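From first to last, the protein sequence lines are chains A and B.
The working numbering applies: residue 2 is where the first sequence begins, and numbers increase by one.
The working numbering applies: residue 2 is where the second sequence begins, and numbers increase by one.
All residues carry an ideal CB built from backbone N, CA and C; glycine is no exception.
Owing to the predicted nature of the structure, the values given are computational and were not obtained by experimental measurement.
There are 2 protein chains.
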Amino acid sequence: MSEIITTYPEVKKCNVSYILAVNDTLNVISGKWKLPIIATMLKERQRFSEIQKQIPKISPRMLSKELRELELNGVVVRTVHNTTPVLIEYGLSGSGKKIMDVLDKMVEWGLNHRELILHQNAEKAGLMSH
Amino acid sequence: MSEIITTYPEVKKCNVSYILAVNDTLNVISGKWKLPIIATMLKERQRFSEIQKQIPKISPRMLSKELRELELNGVVVRTVHNTTPVLIEYGLSGSGKKIMDVLDKMVEWGLNHRELILHQNAEKAGLMSH
DNA sequence: TGAATTACTATACAATAGTATACTAGTATT
DNA sequence: AATACTAGTATACTATTGTATAGTAATTCA
């Protein structure tokens with residue numbers, strides 16, 4: 002048995018607060034609409050109807066629900082302007098803007114992974130033709 | 002209107018392959034069991050029953066399903082040993098091991114975000130007592 | 001007065017994700 | 001011959017997530 006099990010050197014310490022932290026992050030970015038919604042607010046704050054125009058397929062129910070969740074999680078800030086008619090704007094909090102760092106890493110991994118798989122498939126095809 | 006909309010400077014280029022890359026990454030880490038399963042394989046390859054022992058609450062159906070998906074996505078490698086009884090081992094591929102880089106970023110963001118929110122709540126509590 | 005805009009909510013339903021429980025084929029042990 | 005271990009599969013169910021469609025209150029415009 003022992004000869005067929007390889008140990009990898011790059012093992013990291015992993016405690017409970019790390020697991021909670023990863024879960025917090027996943028909560029902010031997983032689901033069908035959270036990332037598209039966050040994306041609309043990267044440049045500037047947006048109103049409800051403007052987000053709807055930029056994400057035409059989202060229903061108002063989902064947009065309302067996701068914005069409420071993101072606000073509860075401290076990622077989105079909702080601002081009510083005392084004008085007539087009342088204007089409501091949604092923007093990213095400090096953390097919300099920093100989520101781009103995580104997304105950048107995800108892009109990096111994803112692109113790298115795609116390339117690795119393409120190479121593997123090319124190798125397999127090469128072997129099979131010989 | 003224009004005075005109440007702030008533009009953030011840190012806008013990134015975003016094209017279709019970036020979105021695909023993020024989605025690929027999310028597919029690998031989202032869901033209830035994928036990360037726990039990957040975690041068991043960080044140190045060394047594992048057999049089906051060993052993963053079950055380390056994640057007692059997972060049903061064999063889910064473990065089987067998730068391992069199959071991870072293998073299809075090129076994150077997990079399944080090795081069959083021609084012994085009696087047959088031994089099957091699951092380990093991480095090169096990409097699979099590198100997913101830790103993404104998780105590290107998620108831990109970083111998550112811990113930071115928790116701290117920011119705690120500070121905010123402390124400030125609010127301070128204001129309210131005055 | 002009637003239509004349009006803004007920022008949603010309500011209700012019902014469909015689709016996906018996850019659970020619970022039992023079962024299987026092959027081999028080895030008692 | 002009965003039991004147990006390995007690596008799962010099968011079936012039926014519940015829970016969560018997302019969709020479709022209609023409606024609402026307050027205000028403004030023609």
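Within the region 96 to 114 of chain B, those residues whose Cβ lies closer than 8 angstroms to any Cβ of chain A are, in chain order, S96, K98, K99, I100, M101, D102, V103, L104, D105, K106, M107, V108, E109, W110, G111, L112, N113, H114. Note that the C-beta distance between V23(B) and L93(A) is not below 9 angstroms. In this structure, DSSP gives G92(B) an extended state, which the three-state scheme calls strand. Chain-ordered, the chain B residues with CB closer than 9 angstroms to the CB of A22(A) read M107, V108, E109, W110, G111, L112, N113, H114, R115. Of the candidates K44(A), R46(A), G111(A), G111(A) places its Cα closest to the Cα of K99(B). I30(B) is not a Cβ neighbour of L119(B), given a cutoff of 9 angstroms. For E72(A) and V87(B), the gap between their C-alpha atoms comes out near 52 angstroms. DSSP places V77(B) inside the beta strand (DSSP E), whose first and last residues are 77 to 82.
Taking 9 angstroms as the cut-off, the Cβ atoms of D102(A) and E109(B) count as close.
With a cutoff of 9 angstroms on beta-carbon distance, R62(B) and Y91(B) are scored as not near each other. Close CB contacts of L64(B) within its chain, under the 8 angstroms cut and outside five residues either way in sequence, are with W34, I38, F49, I52, Q53, I56 (chain order).
Taking a beta-carbon distance threshold of 9 angstroms, Y91(B) does not count as an interface residue toward chain A. DSSP places R115(B) in the helix class (H, G or I) of the three-state scheme. For I52(B), the enclosing alpha helix (DSSP H) has its first and last residue at 49 to 55.
For Q121(A), the nearest CB of chain B lies under 9 angstroms from its own CB, placing it at the interface with that chain.
Interface with chain B (9 angstroms Cβ-Cβ cutoff): G127(A) is excluded. Per the C-alpha coordinates, the member of E116(B), I89(B), L128(B), G97(B) positioned closest to R115(A) is G97(B). In the structure shown, T85(B) adopts coil according to DSSP, grouped into three states. Around the beta carbon of L68(A), 16 or more other beta carbons sit within 10 angstroms, so the residue counts as buried. If you look at I59(B), you'll find it isn't in any alpha helix (DSSP H); DSSP assigns it neither H nor E.
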